[in-house]
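Chains A and B are the protein sequences, given in the same order. For the first sequence, position 225 matches number 236 in my numbering, and the numbering has no gaps at all. For the second sequence, position 48 matches number 44 in my numbering, and the numbering has no gaps at all. For glycine and all other residues, C-beta sits at the position ideal for the given N, C-alpha and C. A quick write-up on the structure given underneath.
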Amino acid sequence: MESPIKISTQALCFYYHQQQVLHDISLQLPTNRITAITGPSGSGKSTFLMILNRLWEEIEGCSISGKVTVELDGRLQDINNKALPARVLRRKVGMVFQQPNPLPMSIFKNISFPLRLAHISDKNQTGHAVENALRQVHLWDEVKDRLNDDGRRLSGGQQQRLCLARALVLKPEVLLLDEPTSSLDPEASAAIEELLLALKAQCTLIMVSHYQDQIQRIADLRFEVREGRFISPHTEYKSASDV
Amino acid sequence: MRRFIESSITVFSWAAGLLLTLALLTLVGYLLKKGGSTLDVSLIFGDTAPLDALMLRRQVFDGLFPAIIGTLLLITGSMLIAIPVGIAAGIYMAEYCSGRIKSFFSLLFDILAGVPSIVVGLAGLSLTIFLHRYFSTQITTSLLISCLSLALLVLPYLIRTTQTALESIDPLIRRTAPALGASRLQNIVRVLLPNSISEIVGGIILATGRCAEDTAVIMLTGAVASAGLPRSIFNQYEALPFYIYYISSQYTGPEELARGYGAAILLILICAGLLLTALWMQRRLTTLLLYR
């Protein structure tokens, strides 16, 4: 069964200080799948992710042309339409970075931070949401007795799961993952991979990865980027019915 | 050869640290030797009963109480003006300003940081004369003019420390909150500023010390040898640094000079107290903002 389209781009180009980084990208990404983007360093993979949540707007000297539409709350939205505030988009399109990046604050505050940003201040609601997010990434049992500890004191694998929980706490529809396991040991990587497979039931995952074996294990689709161009047609690793 | 250079650098570093510690100990020891004997209640309150003085029931004429209060008011007033302006300007420089305007303001703040305090004092005095001539003859040099002048003197420290603290935040941390849906202001208020507290408090400590010790500015803008406690910010006042300066240049006998040394010890104690308070606040604020 074909999966509906979650994200589509048309003639998408991206420029950094007049230098073209991405060239004429037109593609469609399906809902509730793990789409892997691969390619050599500097080819524009991470830039592509930053376009999907408009994080590029935080970097000076960037500009964009073309169209990107994402299905959010059941309707297609042009994400570059200024009527859609970036902060609203980013609550629906979460992101996990290559390096675990817990904020220098407590574990609890790290997870509840996106809720506070969204002006959700009810203590019960926040407490439940934090617990659910931590359970979802299998971190609750490890940290439930030290929620006020500094998030940076966790191990690398735990920190990345913390960041994943933080991205999940607002229940995003799309999750962008920029090489989420590259700084982790094989055991921690396996735990994250397992989580990602479980997560695709609830959101669409777009993942940048260098590891072909990882892509084969968990990705439903793969795109290859070279010098800013998506050169390969998507390759199905798993049939849609596997999902 | 490489080992020799490394050893030399290590020895030099140790020697520098030791020298600094020795210098500090010598200074404190010298002050204690010269003024330690004067350190008693009468140095602060003179013949007035301490409780009467503290409750403001009686004026202290022959003690340092008015100068201590004057110094504390001076520091508090100056910092109340300088901290919000300095931090706001630092935020502007780090987060909003760019290109030529940033270069222009940077140059301006560097020049301001290099202005000698006597010139700042003269500027305060000129302002007073201007206000006196064109607005009200009631306006004279006062605590307020001193606070404004001192605030101007320490502003560059606060601006630069805030700016540097914000600019040195890891780009990954800087981008984290926006990726979670934070607006620019939310990122500044909830992530960037709390993460820069240590450096900003460092700047505040530096600025507080500068306010506490400066004599050139206050001698031109409102500090006098004998004024009692100021009734308002529009009055002249006494201050410890000015008292030390005055006594050291006008003393009439060894006893009076010893009181000057005693005042210097009190000034150091006030600075140490303010430093400890700032460090305590830094720790409390960090815990409150980031971990509770």
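Contact set for residue i: own chain, Cβ-Cβ below 6 Å, skip 5 residues either direction
{"i": "Q39/A", "result": "I16 and S19"}
{"i": "G168/A", "result": "L195 and A199"}
{"i": "L217/A", "result": "It is worth fixing the name first, because residue 217/A is Ile in this sequence and not Leu. For I217/A, where only same-chain residues beyond five positions count, the Cβ hits under 6 Å are T46 and L187."}
{"i": "L151/B", "result": "A78 and G82"}
{"i": "P226/B", "result": "L139 and Y233"}
{"i": "G66/B", "result": "Y233, E234 and A235"}
{"i": "D253/A", "result": "Caution applies to D253/A, whose pLDDT of 43 falls short of 50 and renders its modelled position unreliable; the value that the coordinates give is listed next. There are no such residues."}
{"i": "G239/A", "result": "V32, L33, H34 and G55"}
{"i": "A221/B", "result": "Y242"}
{"i": "L255/B", "result": "For the record, residue 255/B in the displayed sequence is Arg; it is not Leu. These residues qualify, in order along the chain: T34."}
{"i": "Q9/A", "result": "Chain A is shown from 12 up to 254; residue 9/A falls before or after that span and cannot be answered."}
Local conformation of residue i per DSSP, three classes
{"i": "E198/A", "result": "helix"}
{"i": "G85/A", "result": "coil"}
{"i": "V148/A", "result": "coil"}
{"i": "I290/B", "result": "A query on residue 290/B cannot be resolved here, the shown segment of chain B reaching from -3 to 288 and no further."}
{"i": "E69/A", "result": "helix"}
{"i": "I5/B", "result": "helix"}
{"i": "F131/B", "result": "coil"}
{"i": "C214/A", "result": "coil"}
{"i": "D35/A", "result": "strand"}
{"i": "I16/A", "result": "strand"}
{"i": "A176/A", "result": "helix"}
{"i": "L263/A", "result": "Nothing in the structure corresponds to residue 263/A, since chain A is present only between 12 and 254."}
{"i": "A94/A", "result": "coil"}
{"i": "I45/A", "result": "strand"}
{"i": "Q159/B", "result": "helix"}
{"i": "T80/A", "result": "strand"}
{"i": "V56/B", "result": "coil"}
{"i": "V185/B", "result": "helix"}
{"i": "A251/A", "result": "Since pLDDT at A251/A reaches only 40, below the 50 mark, its modelled position is unreliable, and the value read off the structure follows with that caveat. Helix."}
{"i": "Y247/B", "result": "coil"}
{"i": "A219/B", "result": "strand"}
{"i": "Q232/B", "result": "coil"}
{"i": "R237/A", "result": "strand"}
{"i": "R66/B", "result": "Note on identity: in this sequence residue 66/B is Gly, with Arg being the wrong assignment. Of the three classes helix, strand and coil, the one that applies to G66/B here is helix, per DSSP."}
{"i": "C267/B", "result": "helix"}
{"i": "N64/A", "result": "coil"}
{"i": "M51/B", "result": "coil"}
{"i": "A178/B", "result": "coil"}
{"i": "T124/B", "result": "helix"}
Beta-bridge pairing of residue i - partner residues as DSSP gives them
{"i": "M106/A", "result": "L187/A"}
{"i": "D161/A", "result": "S117/A"}
{"i": "I75/A", "result": "F25/A"}
{"i": "L40/A", "result": "I18/A"}
{"i": "Y222/A", "result": "Its beta-bridge partners do not exist; DSSP assigns none."}
{"i": "Q30/A", "result": "Y27/A"}
Nearest-angstrom Cβ-Cβ length linking residue i and residue j, presumed shorter than 8 Å
{"i": "G224/B", "j": "P62/B", "result": "5 Å"}
{"i": "L176/B", "j": "R101/A", "result": "7 Å"}
{"i": "L216/B", "j": "G120/B", "result": "6 Å"}
{"i": "V154/A", "j": "V104/A", "result": "Actually they are not in contact, since the Cβ atoms of V154/A and V104/A sit about 26 Å apart, beyond 8 Å."}
{"i": "I90/A", "j": "V81/A", "result": "5 Å"}
{"i": "A291/B", "j": "S113/B", "result": "In this structure chain B extends from -3 to 288, so residue 291/B is not present and cannot be described."}
{"i": "L128/A", "j": "A274/B", "result": "That belief does not hold up - the Cβ atoms of L128/A and A274/B are roughly 30 Å apart, past 8 Å."}
{"i": "T137/B", "j": "T124/B", "result": "5 Å"}
{"i": "G77/A", "j": "A22/A", "result": "4 Å"}
{"i": "N191/B", "j": "I155/B", "result": "In fact, because the Cβ distance is near 18 Å, the residues do not count as touching under 8 Å."}
Neighbourhood of residue i by C-beta, 7 Å cutoff - its chain only, sequence neighbours within 5 removed
{"i": "N121/A", "result": "P113, L114, G162, L173 and R177"}
{"i": "W151/A", "result": "E142 and L145"}
{"i": "M116/A", "result": "G162"}
{"i": "R183/B", "result": "Sequence inspection shows Asn at residue 183/B; the Arg mentioned does not correspond to that position. The answer, listed in chain order, is A173 and P174."}
{"i": "A212/A", "result": "N43"}
{"i": "G42/B", "result": "V56, F57, D58 and G59"}
Beta-carbon contacts of residue i that lie in its chain and below 8 Å, excluding the five residues immediately before and after
{"i": "T49/A", "result": "K56, V219, S220, H221, Q223, I226, R233, F234, E235 and V236"}
{"i": "Q278/B", "result": "I193, S194 and V197"}
{"i": "G117/B", "result": "S145, A212, V213, I214, M215, L216 and T217"}
{"i": "L52/B", "result": "L225"}
{"i": "R228/A", "result": "E204"}
The ligand FAD heavy atom lying under 7 Å from the CB of residue i
{"i": "P226/B", "result": "The model on display carries no ligand, and the ligand FAD is accordingly not part of it."}
**Request:** Give a yes or no on contact between the stretch 140 to 147 of chain B and the stretch 61 to 76 of chain B, applying the rule of three or more CB pairs nearer than 8 Å.
**Result:** yes
**Prompt:** Looking at C-beta atoms only, is the number of pairs between the stretch 133 to 142 of chain A and the stretch 202 to 220 of chain B that lie closer than 8 Å three or more?
**Reply:** no
**Request:** Count the CB pairs spanning the stretch 255 to 274 of chain B and the stretch 24 to 31 of chain B that are closer than 8 Å, and state whether there are at least three.
**Result:** Yes, since at least three Cβ pairs between the stretch 255 to 274 of chain B and the stretch 24 to 31 of chain B fall closer than 8 Å, the two stretches touch.
**Asked** Counting Cβ pairs closer than 8 Å, one from the stretch 1 to 15 of chain B and one from the stretch 63 to 70 of chain A, do we hit at least three?
**Response** No, because fewer than three Cβ pairs between the stretch 1 to 15 of chain B and the stretch 63 to 70 of chain A fall closer than 8 Å, the two stretches do not touch.
**Request:** Please confirm if the stretch 264 to 284 of chain B is in contact with the stretch 237 to 244 of chain B, defined as three or more CB-CB distances below 8 Å between the two stretches.
**Result:** As far as the Cβ criterion goes, the stretch 264 to 284 of chain B does not touch the stretch 237 to 244 of chain B, which means the pair count is below three.
**Message:** Does the contact criterion of 3 or more C-beta pairs under 8 Å hold for the stretch 156 to 166 of chain B versus the stretch 87 to 103 of chain B?
**Reply:** Contact between the stretch 156 to 166 of chain B and the stretch 87 to 103 of chain B is present, with at least three C-beta pairs closer than 8 Å.
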